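Participant: For the first sequence, the working numbering assigns the number 29 to the initial residue and increments by one for each residue that follows. Beta carbons are placed, not taken as given, at the ideal position from N, Cα and C, and that holds for glycine. Computed from a prediction, not measured in an experiment: that's the story for all the values here.
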Amino acid sequence: MNYWIFKSEPDTFSIDDLKNRPGQTEPWNGVRNYQARNFLRDDVKEGDLILFHHSSCKVPGIAGIAIVSKEAYPDHTAFDESSDYFDLKSKKDSPTWFMVDVKFVEKFKEVITLKEIKENPKFNDLILTRKGNRLSIMPISEKEFNELKKLRS
DNA sequence: GCCAACGTTGGC
DNA sequence: GCCAACGTTGGC
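1) For Glu172, which three-state DSSP category applies?
2) Starting from Leu46, trace the beta strand (DSSP E) both ways and give me its first and last residue.
3) Applying the criterion that 16 or more other CB atoms from any shown protein chain within 10 Å of the CB defines a buried residue, is Pro88 buried or exposed?
4) In three-state DSSP terms, what is Asp70?
5) Taking 7 Å as the cut-off, is the beta-carbon of Gly58 closer than that to any non-hydrogen atom of the ligand MG?
6) Can you tell which of Asn161, Asp103 and Asp108 has its C-alpha closest to the C-alpha of Lys146?
7) Between the C-alpha atoms of Tyr101 and Pro149, what's the straight-line distance to the nearest angstrom?
8) So, do the stretch 72 to 81 and the stretch 116 to 123 have three or more beta carbon pairs nearer to each other than 8 Å?
9) Taking the alpha-carbon positions, what's the Leu68 to Met166 distance?
10) Is it buried or exposed, Met127, if we count other Cβ atoms within 10 angstroms and call 16 or more buried?
11) Where does Phe114 fall in DSSP's three states?
12) If I measure Cβ to Cβ from Leu176 and keep anything under 8 Å in the same chain, skipping five residues before and after, which residues do I get?
13) Near Phe173, what residues of its chain come up, given a Cβ to Cβ distance below 6 Å and the 5 sequence neighbours on each side ignored?
14) Quick one: using the 10 Å Cβ neighbour count with 16 as the cut-off for buried, is Lys9 buried or exposed?
15) Measuring alpha carbon to alpha carbon, tell me which of Glu170, Arg180, Leu179 and Ser181 ends up nearest Met29.
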């Protein structure tokens, strides 16, 4: 079992959006970065736990927890010309991009702010806190996951 | 295969 | 809105 941080812009898709979905489940589509794609396709497994991170917003940070409810399958938004995520290069018989389904687990009463995470030396090794980091799917260790979770729940 | 130019991300 | 950092593109 693995642990992850998934980043999303809350204006596009937030932890509240996930919570309010029917079945509290949603495909994690639109990943268009190869490194993130590789994690999604190869390493993100059903039952893995996810810290849901809000980026590009007023208070960037971890807003809650989700769980992987379905493993990688082709991201069909890449085939849809009307989608923002359309990619001419991704073919139905050999898709470039993949997605997983995620299910809501918990929303923290208060976001674990990026600032707070950066100030804590325990989290110096997180990809999330690296300068210039732009990866939207990041692995973290079980220990890091539990220590982050412990800050709120 | 190099690398400059460009577009995007994302914290501040 | 700024801009540093990064990934991608495309000419050579």
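Facilitator: Taking the definition as stated:
1) As a first step, residue 172 is located in the first sequence; it is residue number 144 there, counting from the start. Glu172 falls in the helix class under three-state DSSP.
2) Here residue 46 refers to the residue found at position 18 of the first sequence. Careful: Leu46 lies outside any beta strand (DSSP E), inside the alpha helix (DSSP H) at Ile43 to Asn48.
3) For the purposes of this step, residue 88 is taken as residue 60 along the first sequence, with counting starting at 1. Counting Cβ neighbours within 10 Å, Pro88 comes out buried, since at least 16 surround it.
4) Locating residue 70 in the first sequence gives position 42, where the first residue counts as 1. In this structure, Asp70 counts as helix in the three-state DSSP scheme.
5) As far as ligands go, the structure on display features none, and thus does not contain the ligand MG.
6) As a working mapping, residue 146 is identified with position 118 in the first sequence. Minimum Cα distance to Lys146 is reached at Asn161.
7) The residue labelled residue 101 in the question sits at position 73 within the first sequence. The residue labelled residue 149 in the question sits at position 121 within the first sequence. C-alpha separation (whole angstroms): 37 Å.
8) no
9) Counting from 1 along the first sequence, the entry for residue 68 is found at position 40. Counting from 1 along the first sequence, the entry for residue 166 is found at position 138. Between Leu68 and Met166, the C-alpha separation is close to 10 Å.
10) Working through the first sequence from its first residue, we reach residue 127 at position 99. Met127 should be labelled buried.
11) Residue numbering aside, residue 114 sits at position 86 when the first sequence is read from its first letter. Phe114 falls in the coil class under three-state DSSP.
12) Taking the first residue of the first sequence as 1, we reach residue 176 at position 148. Answer for Leu176: Leu79, Ile90, Ile140, Ile145, Phe151 and Ile168, listed in chain order.
13) Sequence index remark: in the first sequence, residue 173 carries index 145 (1-based). Once the five neighbours on either side are set aside, the close Cβ partners of Phe173 are Tyr31.
14) No statement about residue 9 is possible, as the shown extent of the chain runs from 29 to 181 and does not include it.
15) For the purposes of this step, residue 29 is taken as residue 1 along the first sequence, with counting starting at 1. Nearest C-alpha to Met29: Glu170.
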